[in-house]
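223 is the number that the numbering used here gives to position 223 of the sequence shown; each next residue is one higher, with no gaps. Just so you know, even glycine gets a beta-carbon here, dropped at the ideal spot from N, CA and C. See below for the structure under consideration.
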Amino acid sequence: MASEAGNLLHHDISQQLGVEIIDGEWEAGTSRTLEEIQSRFGVSRTVAREASRQLEALGLVQTRRRLGLTAQGMESWNVLDAQLIDWRLHSTDREAQIYSLTQLRLAVEPQAAEGTARFASVHTRARLLPLASEMRRTGEAGLLDEFLGYDIEFHTLLLRSSGNEMFAALADLVAVVLQGRTELGLMPAQPKPEALDGHQAVAEAVFEGNPEGARRAMEGVLREVHEAFSEAELAQPRSGARSAD
1 MASEAGNLLH
11 HDISQQLGVE
21 IIDGEWEAGT
31 SRTLEEIQSR
41 FGVSRTVARE
51 ASRQLEALGL
61 VQTRRRLGLT
71 AQGMESWNVL
81 DAQLIDWRLH
91 STDREAQIYS
101 LTQLRLAVEP
111 QAAEGTARFA
121 SVHTRARLLP
131 LASEMRRTGE
141 AGLLDEFLGY
151 DIEFHTLLLR
161 SSGNEMFAAL
171 ADLVAVVLQG
181 RTELGLMPAQ
191 PKPEALDGHQ
201 AVAEAVFEGN
211 PEGARRAMEG
221 VLREVHEAFS
231 EAELAQPRSG
241 ARSAD
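Here it is in structure tokens:
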């Protein structure tokens, strides 16, 4: 139990420091020592060191003897790491992160849908149909937590069944994006009918083994995602401080 508490503590510290780097509060090129982190958070050197290792693994800091932890610019960040993406979604960099992720999804997921329609077994392709049906049921009922689970399963199945190991490796990343969309209040109380229809169209095209139709349908889904994000961002209250996560 003590070990679990220590792991949670160093994760919380690394997240707070990581968001400060992302937000520019801890400027790139400036350094902090382990002693400063220990003093600020009232933790042991071991916990401070573990937090620094997590930050270094994400490319947010570079550790140097006598200098301590030096914050790094975005060009050094491991931007495809799901942990870092989650932190960016909970920072003032959220809008830029959502935009870049949506661009990535537009480039990848239509091709993944096409690949799944072309290469996956009929048994795998058939699994998308009940997922799309459950998304419609829970979406129309406003059951967003349940909807999210089916949404993640739907996109994960497509990426992992595409026949492309690089696409499959992005499944956890997309799951974080979908989770963050709900947590940050960027989902409407009920998903748009166009989104539900779009997922149904993807599922049907994939099941029928129609690669071109699957690609076009997924492009439509992601256009809706981009529009929904834009509308939700405009509806968010603007203030100098972020709401608590």
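Residue state for THR70 is assigned as strand, using DSSP reduced to three classes. When DSSP states are grouped into helix, strand and coil, ARG32 belongs to the strand group. In the DSSP assignment, ARG64 falls within the beta strand (DSSP E) that extends over 61-64. Taking a C-beta distance under 7 angstroms as the contact criterion, ALA217 and ALA205 qualify as a contact pair. Note that the C-beta distance between GLN97 and LEU104 is not below 7 angstroms. Residues of the same chain with a CB within less than 6 angstroms of the CB of GLN54, apart from the 5 flanking positions on each side, are SER14 in chain order. Of the other Cβ atoms in all chains shown, fewer than 16 fall within 10 Å of the Cβ of HIS123; this residue is therefore exposed.
Closest option to PHE41, judged by alpha-carbon separation, among GLY29, ASP23, ASP12: ASP12. The residue among PHE207, ASN164, HIS199 with its C-alpha nearest the C-alpha of GLY220 is HIS199. The three-state reading of DSSP puts MET135 in helix, counting H, G and I together. In this structure ALA71 is not in contact with VAL79, their Cβ atoms being roughly 15 angstroms apart against a cut-off of 8 angstroms.
Ranked by Cα distance from THR182, the options GLY149, GLU153, ARG137, ALA168 are led by GLY149.
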